[in-house]
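Numbering (this note's numbering), first residue to last: 1290 to 1673.
The structure appears right after this line, and notes come after that.
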Amino acid sequence: MTLPSRLRAAAAIAAAALAVVGCTADDASAPTSSPSASTPTAAQATSATVDLPDGLSALQVWRLPKDVHPNPNGVHSSSRHAFFGLDIPSLREGGTLDPDQHTQYAVLDFASGAVTLRETTKPGAISDLGVFVTAGESDHLVRLEIEPRPDTECAGDSPDQCWTWQLRAETAADASGDQIAAAAQPGSPFAIPQPVATGTGVAWLEVTDPAADEARLQLWSPGAKPRTIASKLPTGRLTVEGEAVWVTPDDPNRAETIRVALKGGAVTRTALPRHSQMAVPTGSDVAYVRDSESASSAKVMAAPINDPERGRSLLTAPSVYQLISAGSGTVIASTEKGYQLLGKVSAPLPVDTLTGIQRDEDRLNLLTGPSDAPDTIVVATLAP
């Protein structure tokens, strides 16, 4: 059985909404374009070592201070910095979040190990997803801020799932920047974009017609305004591979993968075998999860992108929760037993301590958090 990662993320967002109290319609306001006025606080990470399975090479390993705990959404990185949202104990423990409270996110500088803690632009908002674009000597951080809204502002949507959002582009050094996109109106968590780094910019899906499940693919690069490179796409998860953005539809009944060229925006749709979902490109292959007819088990398959029916089995498990492309013919599968590298490189990842994994270009960002030790950020790449 499978559960697409975006659906899991939406469920987590909805659960968090239950914990936010005191939010009324009178609280609504347009997203601000100025950074938080609070003074950032600093902490210090320490360089560390880690044992990785064969096939992975560590680029950066940093042990965080004991009182700095990343959000389970994990870490994103550039060659110079890492971003993560901070854990919010009150929500994790089933409590409440004061709508007047600014939550925090962090930027880690790989050159010095300095961890800068910054507050969200708006009180009551959460920022736990951000990706980097390097332009010259500067890293630009494009981060997502989400804010729960009263159910009455989302007529027709399910209760406790009403959110607004904004994307901000900020310099990693000092957080100066501006808003580059925002929700036209509050809506479902499924309408919240999940930005991805493309190497020279940042791409995201922006819902244009919720009823028809249609979205447009937006692209932003430093010094330019966001522009649409493709429209009438389904909502879904994005993967960047081979000068293109690939869309994996949220709808489990849409067995297809969609390639959008970063230059020109040409759209190519590839049908997948029946009962297939979570498709991600990896080199010249496409990997996908295929449920059995009885839905009692699932297989991770890999096949040539031009012949998806000619698949080979990489793994069979009772459940597969997520597939992440690691590039070069390798994928990472999340199952009830943890994370595992499959394909060209095959090896289990640390089951007991690995709490999150994200990919940015050729970097895999691992977050480990044993209960009796500080959290550790590992940025790794597939060994040549």
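Don't be surprised by glycine CBs; every beta carbon is placed ideally from N, CA and C.
{"Asked": "Does the separation of the CB atoms of Val1404 and Ala1331 fall below 8 Å?", "Found": "yes"}
{"Asked": "DSSP three-state call for Phe1421: helix, strand or coil?", "Found": "strand"}
{"Asked": "Have a look at Thr1487, Phe1479, Asp1428 and Ser1477 and flag the residue whose alpha-carbon is nearest the alpha-carbon of Ala1462.", "Found": "Asp1428"}
{"Asked": "Check the Cβ-Cβ distances between Gln1333 and every residue of chain B, and say whether any is below 8 Å.", "Found": "Reference to chain B is not applicable here, since this structure consists of a single protein chain."}
{"Asked": "Over the uninterrupted beta strand (DSSP E) stretch that includes His1370, give me the two end residues.", "Found": "His1370 to Gly1374"}
{"Asked": "Nearest-angstrom Cα distance between Ala1501 and Trp1351?", "Found": "44 Å"}
{"Asked": "Around the Cβ of Gly1553, are there at least 16 other Cβ atoms within 10 angstroms (buried) or fewer (exposed)?", "Found": "exposed"}
{"Asked": "Beta-carbon within less than 8 Å of Ala1400's beta-carbon, same chain only, minus the 5 sequence neighbours each way: which residues are those?", "Found": "Arg1369"}
{"Asked": "Within the same chain, show all residues whose beta-carbon is closer than 8 Å to that of Pro1515, passing over the 5 residues directly before and after it, in chain order.", "Found": "Ile1469, Ala1470, Gln1507, Leu1508 and Trp1509"}
{"Asked": "Round the Cβ separation of Gly1519 and Val1556 to the nearest angstrom and send it over; I've been treating them as touching at under 8 Å.", "Found": "Here residue 1519 is Ala; the residue named in the question, Gly, does not match the sequence. With a Cβ gap of about 5 Å, Ala1519 and Val1556 count as contacting."}
{"Asked": "May I have the straight-line CA-CA distance separating Ser1581 from Arg1648, to the nearest angstrom?", "Found": "28 Å"}
{"Asked": "Counting only runs that start and end within the segment 1488-1566, where is the beta strand (DSSP E) found for 3 or more residues in a row?", "Found": "1491-1498, 1503-1509, 1516-1523, 1525-1529, 1533-1538, 1545-1550 and 1556-1560"}
{"Asked": "Indicate the three-state DSSP secondary structure (helix, strand or coil) for Thr1441 in the structure shown.", "Found": "helix"}
{"Asked": "Consult DSSP for Ser1416 and reduce its assignment to one of helix, strand or coil.", "Found": "strand"}
{"Asked": "Between Glu1532, Gly1531 and Thr1497, which lies nearest to Thr1524 when the distance is taken from Cα to Cα?", "Found": "Thr1497"}
{"Asked": "What three-state label does DSSP hand Ser1617 in the structure shown?", "Found": "coil"}
{"Asked": "Ignoring anything shorter than 4 residues or poking outside the segment 1573-1609, list the alpha helix (DSSP H) runs there in chain order.", "Found": "none"}
{"Asked": "What three-state label does DSSP hand Glu1635 in the structure shown?", "Found": "As written in the sequence, residue 1635 is Ser, which differs from the Glu given in the question. In this structure, Ser1635 counts as coil in the three-state DSSP scheme."}
{"Asked": "Tell me whether Pro1359 sits in a helix, a strand or coil according to DSSP, three-state version.", "Found": "strand"}
{"Asked": "Candidates Ala1504, Gly1476, Asp1467 and Gln1474: which alpha carbon is nearest Ala1513's?", "Found": "Asp1467"}
{"Asked": "Near Ile1547, what residues of its chain come up, given a Cβ to Cβ distance below 6 Å and the 5 sequence neighbours on each side ignored?", "Found": "Val1536 and Arg1558"}
{"Asked": "Among Gly1618, Val1485 and Phe1372, which has the Cα closest to the Cα of Tyr1394?", "Found": "Phe1372"}
{"Asked": "With a threshold of 6 Å on Cβ separation, who are the neighbours of Glu1532 within its own chain once the five nearest residues in sequence on each side are excluded?", "Found": "Leu1551"}
{"Asked": "For the candidate residues Ala1669, Thr1453 and Glu1650, whose alpha-carbon lies nearest to that of Val1485?", "Found": "Glu1650"}
{"Asked": "Taking the beta strand (DSSP E) that Gly1658 falls in, what are its first and last residues?", "Found": "Element bounds for Gly1658: n/a, residue is neither H nor E."}
{"Asked": "Assign Gln1333 to buried or exposed, taking buried as 16 or more other Cβ atoms, counted over all protein chains shown, within 10 Å of its Cβ.", "Found": "exposed"}
{"Asked": "According to DSSP, simplified to helix, strand and coil, what is Ser1367?", "Found": "coil"}
{"Asked": "What is the C-beta distance between Leu1456 and Val1431, in whole angstroms, given that I count them as a contact (C-beta under 8 Å)?", "Found": "6 Å"}
{"Asked": "Take Pro1511 and list the residues in its own chain whose beta-carbon comes closer than 7 Å to its own, dropping the five residues that flank it on each side.", "Found": "Val1422, Ala1424 and His1429"}
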